[in-house]
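Chemist:
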Amino acid sequence: VLGGTQAKDNSFPWQVFLQAGGRGGAIVIGEKWLLTAAHNLDKIKQSQQEVKAYVGSNKVSEYFEVHRNTDPVIFHSLPIESLHIHPGYKSPDYNNDIALIKLASSITFKASVMPVCLPDQDSQLESFGWVSGFGVTETYNTANHLRYIRLPIVDQQVCHSSIEKMRETVRDLSTLTENMFCAGLPEGGKDTCQGDSGSGFVMKNNDTFYAAGIVSWGVDCGKPGRYGVYTRIARYVDWIQKTMKEN
Amino acid sequence: CVCVSVCKTVMYGQVQSPLYPKPYPTNVHQQWDLEVPRGYQLQITFNYLDIEPSLNCYYDSLTVLHGKKVLGKFCGKNSWDPHHPGNKPIVSPSNRLQLVFVTDESNTEKYLGFSAFYQAVDIDECSTPDLNDSELRCSQICLNTLGSYLCTCSHGYQLQADQHTCVLDCSGGVFTEPEGVLSSPGFPDAPPPGVNCLYKVSVQPGFHITLNFSENFHIEQIDVQGPSCLFHWLQVSVPGEAPKKLCGNKSPGIIHTGSHTVDLEFHTDGHGQSGGFSLRYTTQRVECKIEGGIRNGRITPNFPKYSYRDYIQVRCDTGYKLMMGEKEIQSYKSMCQENGAWHLPLPECRIIDCGEPEALLNGEFKFLSGSKNEYRSVVQYHCNEPFYSFTKTKQVNLTCDADRTWKGEENEIPYCFPVCGRPVVDIAGLGR
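As you go down the protein sequences, you meet chains A and B in turn. Using the working numbering, the first residue of the first sequence is number 97, and each one after it goes up by one. Using the working numbering, the first residue of the second sequence is number 753, and each one after it goes up by one.
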């Protein structure tokens, strides 16, 4: 997260630190379910054993500390049962960049671990939202502390134009679809970046945070006139619920 | 010489003086002990007697004796002679008789002596009182027989072992009907003396006999060192209990025997006065008690009391289960037995137990009322807030139901749903 703020403890309790061939993020949406970007799992060749997911701390280093027996809190990676990549996802195209991770056992929620709500299928985007992640910061160092920024939603046509303009210089750019939305500032500076993929872009409605998007892709990070692209979760609510029900 | 002849006990015989029909010798002293069988009198008849006559038969004589009693001293020849027996028979008071014939040393003439015939004559004992105790030989009917007599009794009386006394035959009455009346002989008149009446009331097992004496009750009571039923009594005997003798002028009233058989013996001796008694006996079915009833249950049919052959069912109130000891039973039926016990021990109704309420994942419960786990106990579940909650309410109450499950309004075990999107720390902030 570029240009963001270090998150206070328990402020983004749905945030998951994900390791799947690289650093990424995910969000807790149920006692046994995590939601992430499908492309986070591109590097997974064999099985879910290669995926590690951690919850409960805003500090990455805490997940990897060597603990003594007397330490009160020990963070273990969550046991993963299965991965469910959206059937419409075709790497390297980012359309349908969404995947579900099923845990082998339930998470007991507490102040530091809580699910985020899912949007209604037909809900409209608010004007802004918050996005958090353990990705690179404005210093292009990976973050140890969870960071977040508040970003406005970018008009779909403006974003589309921005991407099409970049297509002249950047090859193999994905197309902005209705399954995506953009967020960011035209002047840049505040953006998500590498390592934030799969993290949640949340909005607030009636004092309740719900996940509106998943950090998906973008060209560079925090540059003026370029926006971050997020998977529009509302378009996948049916698939999410169906997948969870069937599994 | 003295001659003593002992005759056999024959029915008849003849006695003659020495040398008869020739004149008897001088200096005779001869004795005959005549005897006929017992039960007869000995009768002797002289068909000839010719003994030297003298004043009071001083010289020669024939003396007829019964024991030491002289029945006659005879001499002479003619029947008009005052000392001549003539043809009139002499009857001994018993079956024995002695003849003593005595002559002196000289005979002025030739006298032939005597010839007599004796025979057994039946005694009519029935027409004469017993010489020993001057009472009638038979208390009721006397039948004379040859050589003896028999006593017999009128209808309804029985000859006692003494073969003389008749007593009222009032025994042997067995009363088997469920109710009835019995009384002393002749009641309300006084009973005859010397009765010993046995009454037996015997009804089938499962019934108890109650004796209800009438007010008219009088059995002689002797006050010897306190009242006692010494000579007259009515003895009530119940199996398993000591016999109880009743007497006096006060009616015993009602006696609950607690038994299906009772023996009554009414006894009077040959003296005194008893007016007798009368009673009505009734029977009641044996009662099977239900001490304290069945708590938290009901008995059908609902009777004030239960008696022999009654059937009952026991059902428990809602929320209670039938227990026989420590074993739960589905139903209970029992019959009152003849011994006053139920053929199955009475059950109890024990409050049902829903068991420990299920633990609630991500929640807890506490008991709001009632004993733990019992019928109508209320347990309140709540979720671990603020991270979990029920969908509609903050807490869910479950009540231990009659079907032994915990039930709530939704009729299902509550579930704590995760609360989403409400972190305890707000990220919105106030900065602009």
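The C-beta atom is built at its ideal place from N, Cα and C for all residues, glycine as well. Owing to the predicted nature of the structure, the values given are computational and were not obtained by experimental measurement.
May I have the straight-line CA-CA distance separating residue 1004 of chain B from residue 1073 of chain B, to the nearest angstrom?
Modeler: Taking the straight line joining both Cα atoms gives about 49 Å.
Chemist: Please report the straight-line C-alpha distance between residue 773 of chain B and residue 810 of chain B, rounded to a whole angstrom.
Modeler: Cα to Cα, the separation comes out at about 22 Å.
Chemist: Along the chain, where does the beta strand (DSSP E) that runs through residue 962 of chain B open and close?
Modeler: Its beta strand (DSSP E) spans residues 959-965.
Chemist: Using a Cβ-Cβ cut-off of 8 Å, state whether residue 226 of chain A counts as contacting chain B.
Modeler: At least one chain B Cβ lies under 8 Å of residue 226 of chain A.
Chemist: Report whether the distance from the Cβ of residue 1061 of chain B to the nearest heavy atom of the ligand GTP is below 7 Å.
Modeler: The ligand GTP is absent from the structure shown, which contains no ligand whatsoever.
Chemist: Return the bridge partner residues of residue 1076 of chain B from the DSSP annotation.
Modeler: Paired residues: B/1079.
Chemist: Residues of the stretch 1103-1120 of chain B in Cβ contact with chain A at a cutoff of 9 Å, in chain order, please.
Modeler: The stretch 1103-1120 of chain B vs chain A, Cβ under 9 Å: 1113, 1114.
Chemist: To the nearest angstrom, report how far apart residue 106 of chain A and residue 210 of chain A are at their CA atoms.
Modeler: Using only the alpha carbons, I get a separation of about 9 Å.
Chemist: Indicate the three-state DSSP secondary structure (helix, strand or coil) for residue 906 of chain B in the structure shown.
Modeler: Three-state DSSP puts residue 906 of chain B in coil, outside helix and strand.
Chemist: Among B/874, B/906, B/888, which residue has its Cα nearest to the Cα of residue 896 of chain B?
Modeler: For the residues B/874, B/906, B/888, the minimum Cα distance to residue 896 of chain B belongs to B/874.
Chemist: Measure the C-alpha to C-alpha separation of residue 876 of chain B and residue 802 of chain B and round it to an integer number of angstroms.
Modeler: Those two C-alpha atoms are separated by around 34 Å.
Chemist: What residue does the alpha helix (DSSP H) around residue 1019 of chain B start on, and which one ends it?
Modeler: Unbroken run through residue 1019 of chain B is the beta strand (DSSP E), 1013-1019; no alpha helix (DSSP H).
Chemist: Among A/268, A/238, A/282, A/246, which has the Cα closest to the Cα of residue 254 of chain A?
Modeler: Taking only the C-alpha atoms, the option nearest residue 254 of chain A is A/282.
Chemist: Counting Cβ pairs, one atom from each stretch, are 3 or more of them under 8 Å apart for the stretch 262-270 of chain A and the stretch 172-186 of chain A?
Modeler: No contact exists between the stretch 262-270 of chain A and the stretch 172-186 of chain A.
Chemist: Do you know whose CA, among B/920, B/770, B/904, B/794, lies nearest residue 853 of chain B's CA?
Modeler: Considering only alpha carbons, the answer is B/770.
Chemist: So, residue 97 of chain A versus residue 245 of chain A, is the Cβ gap smaller than 8 Å?
Modeler: Yes.
Chemist: Can you find a CB in chain A that lies within less than 8 Å of the CB of residue 1166 of chain B?
Modeler: No - not a single Cβ of chain A is within 8 Å of the one on residue 1166 of chain B.
Chemist: Given this structure, state the Cα-to-Cα distance separating residue 332 of chain A from residue 325 of chain A, to the nearest angstrom.
Modeler: Whole-angstrom Cα-Cα distance: 16 Å.
Chemist: Of all the options B/1017, B/1142, B/1137, B/1035, which has the alpha carbon lying nearest to the alpha carbon of residue 1028 of chain B?
Modeler: Comparing Cα positions, the closest option is B/1017.
Chemist: Hey, how far is the Cα of residue 102 of chain A from the Cα of residue 1154 of chain B?
Modeler: When rounded, the distance between both Cα atoms is 57 Å.
Chemist: Cβ of residue 306 of chain A less than 8 Å from any chain B Cβ?
Modeler: Yes, its Cβ sits closer than 8 Å to a Cβ of chain B.
Chemist: Mapping DSSP to helix, strand and coil, what is residue 759 of chain B?
Modeler: Because the pLDDT at residue 759 of chain B is just 46, under 50, the model does not fix this residue reliably, and the point stays unresolved.
Chemist: Among A/318, A/342, A/134, A/322, which one has its Cα closest to the Cα of residue 189 of chain A?
Modeler: The shortest C-alpha separation from residue 189 of chain A is found at A/134.
Chemist: Which one of B/1143, B/1063, B/1100, B/1113 has the shortest CA to CA distance from residue 1081 of chain B?
Modeler: Of the candidates B/1143, B/1063, B/1100, B/1113, the one whose C-alpha sits nearest the C-alpha of residue 1081 of chain B is B/1100.
Chemist: Looking only at C-alpha atoms, which of B/1019, B/1068, B/1137, B/1059 sits nearest to residue 1113 of chain B?
Modeler: Among B/1019, B/1068, B/1137, B/1059, the Cα nearest to that of residue 1113 of chain B is on B/1137.
Chemist: So, with DSSP's three-state summary, where would you put residue 341 of chain A?
Modeler: Three-state result, residue 341 of chain A: helix.
Chemist: Between residue 762 of chain B and residue 851 of chain B, is the Cβ-Cβ spacing less than 8 Å?
Modeler: Result no, Cβ atoms of residue 762 of chain B and residue 851 of chain B do not sit closer than 8 Å.
Chemist: With H, G and I counted as helix, E and B as strand and the rest as coil, what does DSSP make of residue 951 of chain B?
Modeler: Looking at residue 951 of chain B - three-state DSSP - the assignment turns out to be strand.
Chemist: Measuring CB atoms only, is the stretch 109-127 of chain A touching the stretch 220-237 of chain A, in the sense that at least three cross pairs come out at less than 8 Å?
Modeler: With a cut-off of 8 Å, the stretch 220-237 of chain A and the stretch 109-127 of chain A count as touching, because enough Cβ pairs lie within range.
Chemist: For residue 201 of chain A, is the classification buried or exposed, using 16 other Cβ atoms within 10 angstroms of its Cβ as the cut-off for buried?
Modeler: Residue 201 of chain A is exposed by the Cβ-count criterion.
Chemist: What residue does the beta strand (DSSP E) around residue 722 of chain B start on, and which one ends it?
Modeler: Only positions 753 to 1184 of chain B appear in this structure, which leaves residue 722 of chain B out of reach.
Chemist: What are the boundary residues of the beta strand (DSSP E) that includes residue 850 of chain B?
Modeler: From DSSP, the beta strand (DSSP E) with residue 850 of chain B extends over 848-854.
Chemist: Do we get a CB-CB distance below 8 Å when we pair residue 1142 of chain B with the residues of chain A?
Modeler: No, its Cβ sits nowhere closer than 8 Å to a Cβ of chain A.
Chemist: Taking 8 Å as the threshold (C-beta atoms), are residue 295 of chain A and residue 123 of chain A in contact?
Modeler: It is a contact, given that the beta carbons lie within the stated cut-off.
Chemist: Less than 8 Å between the beta carbons of residue 796 of chain B and residue 842 of chain B, yes or no?
Modeler: Contact: yes.
Chemist: Which runs of the beta strand (DSSP E), 3 residues or longer, sit entirely within the stretch 1102-1181 of chain B?
Modeler: DSSP runs (the beta strand (DSSP E)) wholly in the stretch 1102-1181 of chain B: 1115-1121, 1130-1135, 1147-1152.
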